[in-house]
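Notes follow once the structure below has been shown.
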Amino acid sequence: MAFSGNFMCTSFKKELLFGVHDFDLANGDTFNIALYTNSASFDASTTAYTATNEVSGTGYSAGGQALTNVDPTTSGTTAFTDFADETWTAATITARGALIYNTTPNTTSISVTNPTVVVLDFGSDKTSTAGDFTVVFPTADASNAIIRIA
Amino acid sequence: MSIPALDLNINPDFKVEVHTTNNRGFTPEEVAERCAQKVISISDTAPPEIQAQARAFRKQLVKVLEFYMREAIKSDRTTVYNALTDAGHKELVDLIRRL
Chain L
14 MAFSGNFMCT SFKKELLFGV HDFDLANGDT FNIALYTNSA SFDASTTAYT ATNEVSGTGY
74 SAGGQALTNV DPTTSGTTAF TDFADETWTA ATITARGALI YNTTPNTTSI SVTNPTVVVL
134 DFGSDKTSTA GDFTVVFPTA DASNAIIRIA
Chain S
4 MSIPALDLNI NPDFKVEVHT TNNRGFTPEE VAERCAQKVI SISDTAPPEI QAQARAFRKQ
64 LVKVLEFYMR EAIKSDRTTV YNALTDAGHK ELVDLIRRL
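Protein chains in written order, with the working numbering: chain L, 14 to 163; chain S, 4 to 102.
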């Protein structure tokens with residue numbers, strides 16, 4: 014069991030068509046990022062947040078932290094959105110990857126709880142010791158943004 | 004007349020980075036560098052002269068960001084200093100002042 018790459022969750026694609034996710038900064042949903050050890054096994058079939066194999070340690074609370082949305086926009090024919098970098102401060106933790114999930118989905122048309130958006134594989138274990146642990150998101154443009162619809 | 008299919012391609016090709024520290028926080032230099040990378044992205048396919056110009060501008064931007072981050076840190080310490088002083092924590096106040 015281990016992380017095996019980055020994945021855009023298949024359930025997320027379906028949920029987009031049901032209008033479950035809103036990435037607006039001012040009025041959108043709350044997306045959390047949760048950190049996991051390499052014992053976790055996530056892929057495109059991952060559908061919801063789980064506390065199993067979630068990181069524990071000083072400065073980290075189960076469920077992770079809320080991300081700051083970046084208003085969706087377009088460039089050419091590609092639409093994209095992003096999140097502000099997220100930091101756990103004064104943390105002593107080791108993580109191999111993360112899940113981004115929606116804690117406040119629109120369940121008008123479909124029943125979901127903490128539905129996942131993406132699986133992030135850090136490539137190796139990352140450790141902070143009484144320090145800062147920051148997840149840096151890629152540049153918000155049509156070629157690099159973390160969520161792009163072309 | 005046929006209607007073209009709507010083809011939504013949600014690109015899974017993305018890459019996040021993780022930056023960590025041990026027994027300290029990030030320095031203004033480290034944060035400024037990260038900020039500048041966000042503000043100015045340089046395309047690999049841009050003409051070399053444009054890339055060089057963009058890199059030079061980004062380098063200058065890092066210096067400006069560093070300066071104002073230090074200003075913000077100093078100002079925040081003043082705020083913390085006064086809050087701790089008002090609360091009567093003199094030892095902590097001295098610690099903050101020496102940072």
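Virtual Cβ for every residue (Gly too), placed ideally from N, Cα, C.
Since this is a predicted model, take the numbers as computed values, not measurements.
Around residue 149 of chain L, the same chain offers 98 as residues with beta carbons nearer than 7 Å, after the five sequence neighbours per side are excluded. The three-state reading of DSSP puts residue 72 of chain S in helix, counting H, G and I together. As far as DSSP is concerned, residue 14 of chain L takes part in no beta bridge. In the three-state scheme derived from DSSP, where H, G and I count as helix and E and B as strand, residue 73 of chain L is classed as strand.
Residue-level contact by beta carbon fails for residue 92 of chain S and chain L, as no gap is shorter than 8 Å. Taking C-beta atoms as the reference points, residue 136 of chain L and residue 104 of chain L fail to come closer than 8 Å. Residue burial is scored here from C-beta neighbours: residue 115 of chain L has at least 16 other C-beta atoms within 10 angstroms and is therefore classed as buried.
The three-state secondary structure of residue 29 of chain L, taken from DSSP, is helix.
Where residue 143 of chain L is concerned, the enclosing beta strand (DSSP E) starts and stops at 129 to 149. If you look at residue 97 of chain S, you'll find it isn't in any beta strand (DSSP E); it sits in the alpha helix (DSSP H) that goes 93 to 101. The criterion of a C-beta distance shorter than 8 Å is satisfied by residue 92 of chain L and residue 85 of chain L.
Taking the beta carbon of residue 159 of chain L as reference, the chain S residues within 8 Å of it are 17 and 19, listed in sequence order. Per DSSP, reduced to three states, the secondary structure at residue 112 of chain L is strand.
Under the DSSP assignment, residue 27 of chain S falls outside any alpha helix (DSSP H); it carries neither an H nor an E label. In the structure shown, residue 124 of chain L adopts coil according to DSSP, grouped into three states. With contacts defined as CB atoms closer than 8 Å, residue 159 of chain L and residue 151 of chain L qualify as a contacting pair.
DSSP, reduced to helix, strand and coil, places residue 85 of chain L within a strand of the structure shown. Here the alpha carbons of residue 102 of chain L and residue 144 of chain L stand approximately 6 Å from one another. Boundaries of the beta strand (DSSP E) around residue 49 of chain L: 44 to 49. Partner residues in the beta bridge of residue 160 of chain L, as assigned by DSSP, are L:94. Neighbours of residue 27 of chain L in chain S, taken as residues whose beta carbon is under 8 Å from its own, are absent, since the nearest beta carbon is some 11 Å off.
In the structure shown, residue 36 of chain L falls within a coil segment according to DSSP collapsed to helix, strand and coil. In this structure, residue 19 of chain L lies near residue 133 of chain L, with their beta-carbon atoms less than 8 Å apart.
The residues 115, 118, 119, 120, 122, 123, 125 and 128, in chain order, have a CB closer than 8 Å to that of residue 33 of chain L in the same chain once the five nearest residues on each side in sequence are set aside.
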